[in-house]
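Just so you know, the protein sequences line up as chains A and S, in that order.
With the working numbering, you'll find the first sequence wraps up at 292, consecutive numbering, no jumps.
With the working numbering, you'll find the second sequence wraps up at 341, consecutive numbering, no jumps.
We put the beta carbon where it would ideally sit given N, CA and C, even for glycine.
Encoded as structure tokens, the structure appears first; notes follow it.
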Amino acid sequence: MWVRAFIDPRRWNALLIGIITLGIVWILASRIEVSASGPSALPNPQIGFAAPDFTLDTLDGGTITLSELRGQPVLINLWASWCPPCRAEMPALDTVYRKYREAGFVVLAVNTTFQDSEADARAFAQNLGLTFPILLDRDGAASRRYQLQALPTSFFVGRDGTIRDIVIGGPMSEALIASRVEGLLVEESQ
Amino acid sequence: MFPVIRIASLTIQARGLILLAAFWVASWAAERAAKRLALRGDDVYNLGFYGVVAGLLGARLGYVLQYWSVYQNDLGAIFALNFNTLSPAAGLLADLASGDGYGAPAQLPWSINLWGELRHPTQIYHLLAAIGIGVVLWRSSHLFDGARFGLFIALYTASRLFLETFHGDSATFAGVRVVQIWSLAALVVALLLLRRWAETWARDVQPVHETT
């Protein structure tokens, strides 16, 4: 019976010392190289992995490539103009963007244009006077690469291009966005 | 991976749904056990509920303290309920931080392809360990107060300590996986408690017969 090992002093000492020794040996044996715990080279829409790259046209006629923003914290927000929680969180996104823009923070609002319309997206952005760039995912390639399952979905990307956090669904509150952004800004750039 | 479950136009966060289901099953089992121990089932049920509320409050408080600079200007936001603004390091959600933890890359017959690489199916390992622990606890007799509780903590922390090695997302400190340190510490505490309770039981209630 297992209780014996706890009552008999000899067995108890053996048990305790044995478990502590085994535990420490196992912990030391399963240490990992510090370099191996760094950002994974594989791009995946998952926390701890490199953010999948994309190049998309913006609403005002330019193009933006994610990988060119390396060194700056980025919030990628996938949205559609017909999605109520997406619309609801846009003012909070804009407020946080204007507050932290000077510190290098970037918002990429990726409109899922393949299931929306460019005209609706434009009307919505102008209506609210959004100051961050609106990107147009016309063929849905970027949305597929980020395995978009629900709108809105937000990816918080660190200065090193690694995804730090993912928020599925919304609307996100201003406090939630701001707290995540502050977390990204304190990271040292590489 | 299925972070969300879609039922028609309704999208539900799978994590919350599974937690809710687990809480419900655990409450049901605790209520049944309470009847056997001649405790009032309602009390046990309420205890579980208070535990969840306290865990939520603690987790939110942890998050607010961590990002005080954001909340100090917007105190109302402290009370806005949102799953995403709970501290994973506090209270109820303690285990969730590595809960959906994926495995380290490995070429094994039972590896699963996840995030572009063959990996240890750590979720399956944990599931099997949990079933094993459940069976042991189910079959262990009620010897003294706390026996099952202590045994559960000891077995659970031992399984965490062992299985964390196969994780691919461990938080580390100087290369050492932090979860393992805490697991070993909690394991030793559980053993010390079991020792104390077992000694009391042997002395006061049940004379020890060396022949059995």
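Cβ atoms of residue j and residue i: under 8 Å apart, would you say?
i                            : j                            : result
leucine 158 of chain A       : leucine 250 of chain A       : no
phenylalanine 108 of chain A : leucine 280 of chain S       : no
leucine 287 of chain A       : alanine 205 of chain A       : yes
serine 269 of chain S        : leucine 290 of chain S       : no
isoleucine 310 of chain S    : isoleucine 129 of chain A    : yes
glutamine 174 of chain A     : arginine 261 of chain A      : yes
glycine 271 of chain A       : alanine 252 of chain A       : yes
valine 181 of chain S        : phenylalanine 152 of chain S : yes
methionine 192 of chain A    : leucine 230 of chain A       : yes
leucine 292 of chain S       : alanine 258 of chain S       : yes
isoleucine 262 of chain S    : leucine 237 of chain S       : no
valine 127 of chain A        : alanine 327 of chain S       : no
glycine 125 of chain A       : leucine 316 of chain S       : yes
Let me check understanding here. Comparing Cα to Cα, which of the options lies closest to residue i?
i                            : options                                : result
glycine 304 of chain S       : A:Cys185, A:Ile134, A:Val288, A:Leu117 : A:Ile134
valine 198 of chain A        : A:Val209, A:Ser219, A:Arg189           : A:Val209
arginine 325 of chain S      : S:Gly191, S:Phe273, S:Phe295, S:Val308 : S:Phe273
glutamate 220 of chain A     : A:Asn179, A:Thr160, A:Pro273           : A:Thr160
threonine 286 of chain S     : S:Pro234, S:Tyr196, S:Ala319, S:Asn242 : S:Ala319
phenylalanine 257 of chain A : A:Asn115, A:Ala152, A:Ile122           : A:Ala152
proline 254 of chain A       : A:Arg240, A:Arg224, A:Asp241, A:Asn179 : A:Asn179
cysteine 185 of chain A      : A:Phe226, A:Arg172, A:Leu171           : A:Phe226
tyrosine 231 of chain S      : S:Leu247, S:Pro238, S:Leu237           : S:Leu247
isoleucine 253 of chain S    : S:Trp157, S:Ala283, S:His296           : S:His296
tyrosine 248 of chain A      : A:Pro145, A:Arg106, A:Val105, A:Arg172 : A:Pro145
alanine 154 of chain S       : S:Asn242, S:Phe178, S:Trp197           : In the sequence as presented, alanine is not what sits at residue 154 of chain S; that position holds valine. Looking at the Cα atoms, S:Phe178 is the closest of the given residues.
glutamate 284 of chain A     : A:Thr233, A:Thr214, A:Tyr202, A:Gln228 : A:Tyr202
Given this structure, state the Cα-to-Cα distance separating residue i from residue j, to the nearest angstrom.
i                            : j                            : result
proline 147 of chain A       : arginine 113 of chain A      : 51 Å
threonine 264 of chain A     : phenylalanine 216 of chain A : 26 Å
serine 139 of chain A        : threonine 301 of chain S     : Low confidence applies here, because serine 139 of chain A scores a pLDDT of 46, under 50, leaving its location unreliable; read the following figure in that light. If I take the Cα positions, the gap works out to 8 Å.
glycine 164 of chain A       : proline 235 of chain A       : 9 Å
glutamine 251 of chain S     : glycine 275 of chain S       : First, the residue type needs correcting, since residue 251 of chain S is threonine and not glutamine in the sequence shown. Straight-line Cα distance between these residues: approximately 30 Å.
arginine 165 of chain S      : alanine 159 of chain S       : 10 Å
proline 234 of chain S       : aspartate 267 of chain A     : 22 Å
isoleucine 121 of chain A    : leucine 266 of chain S       : 20 Å
leucine 278 of chain A       : valine 334 of chain S        : 55 Å
leucine 225 of chain S       : histidine 249 of chain S     : Annotation note: pLDDT 42 at leucine 225 of chain S (below 50); position unreliable, coordinate value reported separately. When rounded, the distance between both Cα atoms is 19 Å.
glycine 187 of chain S       : aspartate 222 of chain A     : 43 Å
glycine 150 of chain A       : valine 308 of chain S        : 17 Å
leucine 148 of chain S       : serine 240 of chain S        : 26 Å
phenylalanine 278 of chain S : leucine 146 of chain S       : 26 Å
List, in chain order, every chain A residue whose beta-carbon is nearer than 7 Å to that of residue i.
i                        : result
arginine 324 of chain S  : Phe108, Trp114
aspartate 298 of chain S : Gly150
Using a Cβ-based criterion (distance less than 7 Å to any ligand heavy atom), does residue i qualify as near the ligand HEM?
i                         : result
tryptophan 244 of chain S : Summarising the ligand content, the structure contains no ligands, and the ligand HEM is consequently not present.
Using a cut-off of 8 Å between C-beta atoms, extract the partners of residue i located in chain S.
i                         : result
tryptophan 128 of chain A : Leu290, Phe291, Thr294, Gln309
Find the residues of chain S that neighbour residue i, judging by a C-beta separation of less than 7 Å, and give them in chain order.
i                       : result
arginine 133 of chain A : Gly304, Val305
Tell me, to the nearest whole angstrom, how far the beta carbon of residue i is from that of residue j; I am working on the premise that it is less than 8 Å.
i                       : j                        : result
arginine 176 of chain A : valine 259 of chain A    : First, the residue type needs correcting, since residue 176 of chain A is valine and not arginine in the sequence shown. 4 Å between Cβ atoms; contact.
alanine 182 of chain A  : aspartate 241 of chain A : Actually they do not touch by this definition, with Cβ atoms about 15 Å apart.
At 8 Å on the CB atoms, spell out the chain A contacts of residue i, in chain order.
i                      : result
alanine 258 of chain S : Those within 8 Å of alanine 258 of chain S in chain A number zero; the least Cβ separation is about 15 Å.
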